[in-house]
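Report on the structure given below.
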Amino acid sequence: MNIFRLAGDMTHLLSILVLLLKIYATKSCSGVSRKTQELYAIVFLARYLDLFTDFISVYNTFMKIVFIASSLAIVWCIRVHPMVKRSYDKDLDTFRHYLLVAASFLLALFLHEKFTFLEIFWAFSIYLEAVAILPQLVLLQRSGNVDNLTGQYVFFLGAYRGLYILNWIYRYLTEPRFTRWIACVSGVVQTALYADFFYYYFISWKNNSKLKLPA
Amino acid sequence: PEAEQAKDEL
Numbered sequence: 188m189n190i191f192r193l194a195g196d197m198t199h200l201l202s203i204l205v206l207l208l209k210i211y212a213t214k215s216c217s218g219v220s221r222k223t224q225e226l227y228a229i230v231f232l233a234r235y236l237d238l239f240t241d242f243i244s245v246y247n248t249f250m251k252i253v254f255i256a257s258s259l260a261i262v263w264c265i266r267v268h269p270m271v272k273r274s275y276d277k278d279l280d281t282f283r284h285y286l287l288v289a290a291s292f293l294l295a296l297f298l299h300e301k302f303t304f305l306e307i308f309w310a311f312s313i314y315l316e317a318v319a320i321l322p323q324l325v326l327l328q329r330s331g332n333v334d335n336l337t338g339q340y341v342f343f344l345g346a347y348r349g350l351y352i353l354n355w356i357y358r359y360l361t362e363p364r365f366t367r368w369i370a371c372v373s374g375v376v377q378t379a380l381y382a383d384f385f386y387y388y389f390i391s392w393k394n395n396s397k398l399k400l401p402a
Numbered sequence: 031p032e033a034e035q036a037k038d039e040l
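Chains as they are written, first to last, in my numbering: chain A, 188 to 402; chain B, 31 to 40.
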């Protein structure tokens, strides 16, 4: 474990807490893409299939359970909770996210570290996570002004994988045989997708103005 | 050899 990866995991956890706070405090999921939340639930379920078979550390197991439980809880909230469900705008959240699932799974069938069930689902979860934010970014562009908590949620979610890139550079430099090409390349693509969001987020922070993504 | 490395990251 290094500082970059710990900071990355904490930033990821923070993004989830901010989203839970937004939904709990406002009893609303306006501006939040249910499809991105569903994609993240699939990412965690596919990536942590080894939750009960491979024990890495208490921290690792604990965080996996937190990520799986929180992502399922958020999807449940948006789909089932009467107050929150009413605020979900399905006319804005129209990204065909099942195409992302299909494309990621197809790619995982061809590009993986080993042709085993766990490795293919792991690669699938890595590719799917890289594009999981797309429905959310499209929704933000459509819904005009973005409330603070939703903006902070997306910012932290994008920042965490950026910190992981620093972690991979650090591990590549310090560990003799460390190579994680699938995770690295996917992580760079994932972080790059946030580029324009980061730019407008920085502008809104600098000008102390409302975050607004151009349509 | 890559796959031998434990998936120790989240």
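From the three backbone atoms N, C-alpha and C, an ideal C-beta is built for every residue, glycine too.
To the nearest angstrom, report how far apart residue 313(A) and residue 322(A) are at their CA atoms.
Within the first sequence, the letter at position 126 stands for residue 313(A). Within the first sequence, the letter at position 135 stands for residue 322(A). Distance between the alpha carbons of residue 313(A) and residue 322(A): 17 Å.
Could you list which residues in chain B have their beta carbon closer than 7 Å to that of residue 243(A), in chain order?
Translated into the one-based positions of the first sequence, residue 243(A) becomes position 56. Going along chain B in sequence order, the residues near residue 243(A) (Cβ under 7 Å) are 36, 38.
Please classify residue 354(A) as buried or exposed, where buried requires at least 16 neighbouring CB atoms within 10 angstroms.
For the purposes of this step, residue 354(A) is taken as the residue at position 167 of the first sequence. Result: buried.
Do you know offhand how far residue 363(A)'s Cα is from residue 286(A)'s?
Numbered from its first residue, the first sequence carries residue 363(A) at position 176. Numbered from its first residue, the first sequence carries residue 286(A) at position 99. Cα to Cα, the separation comes out at about 38 Å.
If the cut is a Cβ gap below 8 Å, which residues of chain B does residue 247(A) touch?
In the first sequence, residue 247(A) corresponds to position 60, counting from 1. Neighbours of residue 247(A) on chain B, chain order: 38, 40.
DSSP three-state call for residue 335(A): helix, strand or coil?
Counting from one through the first sequence, the residue named residue 335(A) turns up at place 148. Residue 335(A) falls in the helix class under three-state DSSP.
For residue 311(A) and chain B, any beta-carbon pair shorter than 8 Å?
One-based indexing of the first sequence puts residue 311(A) at position 124. It does not: the Cβ of residue 311(A) has no partner Cβ on chain B nearer than 8 Å.
Here's a check: name, in chain order, each residue in its chain whose Cβ is nearer than 7 Å to the Cβ of residue 271(A), leaving out the five neighbours to either side.
Indexing the first sequence from 1 puts residue 271(A) at position 84. Answer for residue 271(A): 210, 214, 215, 216, 264, 265, listed in chain order.
Step through the CB atoms of chain B and report whether any lies within less than 8 Å of the CB of residue 197(A).
As a working mapping, residue 197(A) is identified with position 10 in the first sequence. It does not; no Cβ of chain B falls within 8 Å.
Is residue 214(A) helix, strand or coil when you go by DSSP?
Within the first sequence, numbered from 1, the residue matching residue 214(A) stands at position 27. Looking at residue 214(A) - three-state DSSP - the assignment turns out to be coil, as it is neither helix nor strand.
Do residue 329(A) and residue 275(A) have their beta-carbon atoms positioned less than 8 Å apart in this structure?
Working through the first sequence from its first residue, we reach residue 275(A) at position 88. Working through the first sequence from its first residue, we reach residue 329(A) at position 142. Taking 8 Å as the Cβ cut-off, residue 275(A) and residue 329(A) do not qualify as a contacting pair.
Considering only residues of the same chain and omitting the five flanking positions on each side of residue 229(A), which have a CB-CB separation below 7 Å?
As a working mapping, residue 229(A) is identified with position 42 in the first sequence. Answer for residue 229(A): 288, 315, listed in chain order.
Compute the Euclidean distance between the alpha carbons of residue 39(B) and residue 337(A), then round it to the nearest angstrom.
Locating residue 39(B) in the second sequence gives position 9, where the first residue counts as 1. Locating residue 337(A) in the first sequence gives position 150, where the first residue counts as 1. If you take the alpha carbons of residue 39(B) and residue 337(A), they lie about 26 Å apart.
Considering only residues of the same chain and omitting the five flanking positions on each side of residue 166(A), which have a CB-CB separation below 6 Å?
The first residue shown for chain A is 188 and the last is 402, placing residue 166(A) beyond what the model contains.
Excluding the 5 residues flanking residue 346(A) on each side, which residues of the same chain have their C-beta closer than 7 Å to its C-beta?
For the purposes of this step, residue 346(A) is taken as the residue at position 159 of the first sequence. 198.
Taking only beta-carbon atoms, is residue 270(A) less than 8 Å away from chain B?
On the first sequence, position 83 is the one that residue 270(A) refers to. For residue 270(A), the answer is no, since every Cβ of chain B falls outside 8 Å of its Cβ.
At 9 Å on the CB atoms, spell out the chain B contacts of residue 237(A), in chain order.
Here residue 237(A) refers to the residue found at position 50 when the first sequence is read from its first residue. Under the 9 Å cutoff, chain B gives 37.
With 8 Å set as the bound, which would you pick, yes or no: does the beta-carbon of residue 304(A) sit closer than that to a beta-carbon of chain B?
Along the first sequence, one-based indexing puts residue 304(A) at 117. It does not; no Cβ of chain B falls within 8 Å.
List, from N- to C-terminal side, the alpha helix (DSSP H) runs of 4 residues or more that fit wholly inside the segment 198-274 of chain A.
With a minimum length of 4 residues, the continuous alpha helix (DSSP H) runs that stay inside the segment 198-274 of chain A are 221-234, 245-266, 269-273.
For residue 304(A), collect the residues of the same chain with a Cβ closer than 7 Å to its Cβ; drop the 5 residues on either side in sequence, then sort them by chain order.
Translated into positions along the first sequence, residue 304(A) becomes position 117. Correct list: empty, nothing qualifies.
Does the CB of residue 343(A) have a neighbour CB from chain B at under 8 Å?
By 1-based counting over the first sequence, the position of residue 343(A) is 156. Chain B contact via Cβ: absent.
Using the C-alpha atoms, what's the distance from residue 339(A) back to residue 162(A)?
Because chain A here runs from 188 to 402, residue 162(A) falls outside it and cannot be looked at.
By DSSP, does residue 393(A) sit in helix, in strand, or in coil?
Here residue 393(A) corresponds to residue number 206 of the first sequence, with the count starting at 1. Helix at residue 393(A).
If residue 237(A) and residue 37(B) are in contact, beta carbons under 8 Å, what's the gap, nearest whole angstrom?
The residue labelled residue 237(A) in the question sits at position 50 within the first sequence. The residue labelled residue 37(B) in the question sits at position 7 within the second sequence. Right, the Cβ-Cβ distance comes to about 7 Å (below 8 Å), so this counts as a contact.
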